[in-house]
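Contents: one structure, followed by commentary.
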Amino acid sequence: MAPRREIVLELVVGRLWLTVLLGVLLGGLVLASAVWAAPHQGARRVPLTWVAIMPGRYYLTASQHLGDDALGACAEGYHMASLWEIWDVSNLYYDTDLGYCWDDAPLGDCGEGPPAARAGWVRTGADAVASGVGPGGDSCIAYTSPSGSERGTVASLPSDWSSPPSTMGVWVASNSYCDSPNRVWCVRSALRSYLPLTLRNY
Numbered sequence: 009m010a011p012r013r014e015i016v017l018e019l020v021v022g023r024l025w026l027t028v029l030l031g032v033l034l035g036g037l038v039l040a041s042a043v044w045a046a047p048h049q050g051a052r053r054v055p056l057t058w059v060a061i062m063p064g065r066y067y068l069t070a071s072q073h074l075g076d077d078a079l080g081a082c083a084e085g086y087h088m089a090s091l092w093e094i095w096d097v098s099n100l101y102y103d104t105d106l107g108y109c110w111d112d113a114p115l116g117d118c119g120e121g122p123p124a125a126r127a128g129w130v131r132t133g134a135d136a137v138a139s140g141v142g143p144g145g146d147s148c149i150a151y152t153s154p155s156g157s158e159r160g161t162v163a164s165l166p167s168d169w170s171s172p173p174s175t176m177g178v179w180v181a182s183n184s185y186c187d188s189p190n191r192v193w194c195v196r197s198a199l200r201s202y203l204p205l206t207l208r209n210y
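Here the sequence shown stands for residues 9 to 210, where the numbers follow our numbering.
Encoded structure:
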């Protein structure tokens with residue numbers, strides 16, 4: 009006959025496992041009742057949810073364009089970038105197939121990324137004005153004017169990392185006359201796929 013302590017231990021352990029087993033069975037019954045509560049409804053769809061399957065891309069055109077030609081300078085699928093669309097380049101891929109870059113060492117150290125110290129026209133997100141506001145405001149009247157008396161905004165990535173931080177984050181912004189040829193920053197939004205989640209009642 010087992011000692012008293014062993015008998016008590018066996019009873020306690022046995023009751024514990026029985027409690028766990030009952031909990032699992034009750035949980036299964038609750039789930040089954042929820043599924044079978046309305047079998048006539050068949051499959052149910054929840055609201056669509058999007059999943060980004062390809063990050064956004066950007067590039068700086070190899071060709072140069074006057075201010076009124078900047079809007080049409082980008083390749084198919086791309087559009088002239090607002091600075092705010094390419095503000096954080098860590099979330100984008102630089103399209104080396106289309107974009108300007110230093111081609112051969114030792115001329116430059118571009119690699120798979122964008123060139124530094126090469127300015128391009130950018131949209132500002134501000135009012136369409138001719139000039140007189142400054143970088144971030146001047147836009148060649150929303151890039152429709154080729155006038156030599158009006159200005160637009162160009163931006164570049166810095167090549168001097170020891171200088172004081174730019175007020176535009178990593179970007180260095182300046183003005184350029186609308187009749188001056190400049191490259192253009194282009195961007196393509198991330199491609200997204202909409203995948204429905206389907207729940208079925210059996």
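The C-beta atom is built at its ideal place from N, Cα and C for all residues, glycine as well.
Since we're looking at a predicted model, the values are computed, not measured.
* With aspartate 76 and proline 189 assumed to form a contact (beta carbons below 8 Å), what rounded beta-carbon distance in angstroms separates them? -> Counting from one through the sequence shown, the residue named residue 76 turns up at place 68. Counting from one through the sequence shown, the residue named residue 189 turns up at place 181. Not really, about 12 Å apart at Cβ, beyond 8 Å.
* To do: Just mark tryptophan 193 as buried or exposed, buried being the case when its beta carbon has 16 or more other beta carbons within 10 Å.
  => Numbered from 1 along the sequence shown, position 185 holds the residue referred to as residue 193. Tryptophan 193 should be labelled buried.
* Which residues in the same chain as tyrosine 102 place their Cβ atom closer than 7 Å to its Cβ, once the five residues preceding and following it in sequence are excluded? -> Within the sequence shown, residue 102 is the residue found at index 94, counting from 1. Cβ neighbours of tyrosine 102 beyond the five flanking positions: Tyr66, Tyr67, Glu120, Gly121 and Pro122.
* Rounded straight-line distance, which links the Cα of alanine 70 to that of alanine 181 -> Your numbering for residue 181 matches position 173 in the sequence shown. Your numbering for residue 70 matches position 62 in the sequence shown. The straight-line gap from Cα to Cα measures roughly 19 Å.
* Return yes when the Cβ of valine 195 is within less than 8 Å of the Cβ of threonine 161, no when it is not. => The residue you call residue 161 lines up with position 153 of the sequence shown. The residue you call residue 195 lines up with position 187 of the sequence shown. Their beta carbons are not under 8 Å apart, which means threonine 161 does not touch valine 195 by this criterion.
* Under three-state DSSP, which class holds cysteine 82? -> Indexing the sequence shown from 1 puts residue 82 at position 74. It is coil, neither helix nor strand.
* To do: Give the DSSP-derived three-state secondary structure of cysteine 148 in the structure shown.
  => Within the sequence shown, the letter at position 140 stands for residue 148. In the three-state DSSP reduction, cysteine 148 falls in the helix class (H, G or I).
* Asked: Out of curiosity, what's the CA-to-CA distance linking serine 197 and glycine 80?
  -> Reading the sequence shown from its first residue, position 189 is the one you call residue 197. Reading the sequence shown from its first residue, position 72 is the one you call residue 80. Answer to the nearest angstrom: the Cα atoms are 17 Å apart.
* **Beta-carbon proximity list for methionine 9, same chain, < 6 Å, skipping 5 on both sides** => Here residue 9 refers to the residue found at position 1 when the sequence shown is read from its first residue. Caution applies to methionine 9, whose pLDDT of 49 falls short of 50 and renders its modelled position unreliable; the model cannot decide the point.
* To do: Pick out whichever of Ala163, Ser170 and Ala125 has its Cα sitting closest to the Cα of isoleucine 94.
  => For the purposes of this step, residue 94 is identified with residue 86 of the sequence shown, where counting begins at 1. Isoleucine 94 has its Cα closest to that of Ala163, out of Ala163, Ser170 and Ala125.
* For valine 192, which beta-bridge partners are listed by DSSP? -> Your numbering for residue 192 matches position 184 in the sequence shown. Its beta-bridge partners are Trp129.
* Own chain, CB closer than 7 Å to tyrosine 86, minus 5 neighbours either side, in chain order -> Here residue 86 corresponds to residue number 78 of the sequence shown, with the count starting at 1. In chain order, Cys194, Val195 and Arg196 place their CB closer than 7 Å to the CB of tyrosine 86, counting only its own chain and leaving out the 5 sequence neighbours on each side.
* arginine 191 classed as buried or exposed, judged by whether at least 16 other C-beta atoms fall within 10 angstroms -> Working through the sequence shown from its first residue, we reach residue 191 at position 183. Buried.
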